[in-house]
Amino acid sequence: MVTENRDLTEVERTAEIFRLLREHYPRARTALKFDTPFQLLVAVILSAQTTDEQVNRITPALFARASSPAEMAQLKPAELERLIKGCGLYRNKSRFLVEASRRIVQQFNGRVPDNFVDLVSLPGVGRKTANVILYNAFGRPALAVDTHVYRVSRRLGLARGKRVEEVERELTARLPEREWGPVHHRLIAHGRSLCHARRPECSACFLNRYCPSKIEGE
DNA sequence: ATCCCGAGGG
DNA sequence: CCCTCTGGAT
Numbered sequence: 027m028v029t030e031n032r033d034l035t036e037v038e039r040t041a042e043i044f045r046l047l048r049e050h051y052p053r054a055r056t057a058l059k060f061d062t063p064f065q066l067l068v069a070v071i072l073s074a075q076t077t078d079e080q081v082n083r084i085t086p087a088l089f090a091r092a093s094s095p096a097e098m099a100q101l102k103p104a105e106l107e108r109l110i111k112g113c114g115l116y117r118n119k120s121r122f123l124v125e126a127s128r129r130i131v132q133q134f135n136g137r138v139p140d141n142f143v144d145l146v147s148l149p150g151v152g153r154k155t156a157n158v159i160l161y162n163a164f165g166r167p168a169l170a171v172d173t174h175v176y177r178v179s180r181r182l183g184l185a186r187g188k189r190v191e192e193v194e195r196e197l198t199a200r201l202p203e204r205e206w207g208p209v210h211h212r213l214i215a216h217g218r219s220l221c222h223a224r225r226p227e228c229s230a231c232f233l234n235r236y237c238p239s240k241i242e243g244e
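Structural data, given as structure tokens:
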């Protein structure tokens, strides 16, 4: 109902962007396969610098061997590295998985914590991983800022801060809590399908009218 | 700021 | 060959 020929305000522009994202990615959700919070924790740690598809190829055999923190805590480093090879960064990830599993057993009675402070206290779990677990495993309001969310939201002018934590604050401030998780997945879907890191497909993008970073001819 | 690090795409 | 993929620790 924009009957006047005036520029949209910032609030109107961002609202329109979020609306179009919701319209184009109505069911965006994590592609990682998991049955329990612990399995999700493992999958998210493995997903660093790797595609979800690659993680899903590895986790079935891994979970068949160890699907609980108690079981994974006892795996020998060599065996675990073999199980997760193909994921990249496997030495770090192997160490994180064993150490985090031990801490979950010893300090949290074998249960993945459902709060941010305890989650980020686990080795290999940073802000992004903790927020992914809070939303996807426990249904808590959380907006994880990963490489896609960071890049896409800044290009669209939804956030301006340079630090990840600032971007997270700006995005959550613009949205009701129930939208935090869904928006995270929609921004990722958009980053993967059109708003690539290298050559964004601006001419094919349904948001290009509202995008301050639109590149002509792309 | 740098390191880790395999798989897949262009 | 180069780059990127839902990072975290030092």
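First residue of the first sequence? That's 27 in my numbering, and the numbers climb one at a time after it.
Beta carbons: idealized from backbone N, C-alpha and C, even for Gly.
Contact between I130 and L145 does not hold, since their C-beta atoms are separated by about 10 angstroms, which reaches or exceeds 8 angstroms. L220 places its beta carbon 7 angstroms or farther from that of V209.
Taking all protein chains shown into account, F60 has 16 or more neighbouring C-beta atoms within 10 Å of its C-beta and is therefore buried. Contiguous alpha helix (DSSP H) elements confined to the region 182 to 232 occur at 190 to 200 and 203 to 219, taking only those with 4 or more residues. The shortest CA-to-CA distance from D172 to any of L233, R204, S73 and F122 is the one to S73. Secondary structure remark: continuous alpha helix (DSSP H) runs of at least 4 residues inside the region 39 to 114, in chain order: 63 to 72, 78 to 91, 95 to 98 and 103 to 110. Secondary structure at R235: helix, using DSSP grouped into helix, strand and coil. The Cβ neighbour count for E194, taken over all protein chains shown within 10 Å, is at least 16; the residue is labelled buried. The Cβ atoms of W206 and A168 sit closer than 7 angstroms to each other. Per DSSP, reduced to three states, the secondary structure at S127 is helical.
Here K240 carries a coil assignment [DSSP, helix/strand/coil]. For A163, the uninterrupted alpha helix (DSSP H) segment begins and ends at R153 to F164. The DSSP-derived three-state label of V171 is coil.
With respect to the 7 angstroms criterion, Q75 and L109 are not classified as neighbours on the basis of their beta carbons. Note on R212: 16 or more other CB atoms within 10 angstroms of its CB, so buried under the neighbour-count rule. Counting along the chain, L34 sits inside no alpha helix (DSSP H), nor does DSSP assign it H or E at all. Each residue's CA atom was taken as its position, placing L182 and F164 some 29 angstroms apart.
Residues F64, S127, I130, V131 and G136 of the same chain have their beta carbon placed closer than 6 angstroms to that of P95, with the five preceding and five following residues left out of the count. Excluding its 5 nearest sequence neighbours in each direction, V178 has C-beta neighbours in its own chain below 7 angstroms: L213, H216, G217 and C221, listed in chain order. By the criterion of a C-beta distance shorter than 7 angstroms, G152 is surrounded in its chain by V146, once the five residues flanking it on both sides are discounted. By the neighbour-count criterion, in which 16 or more other beta carbons inside 10 Å mark a residue as buried, L34 falls on the exposed side. For R55 and L106, the gap between their C-alpha atoms comes out near 28 angstroms.
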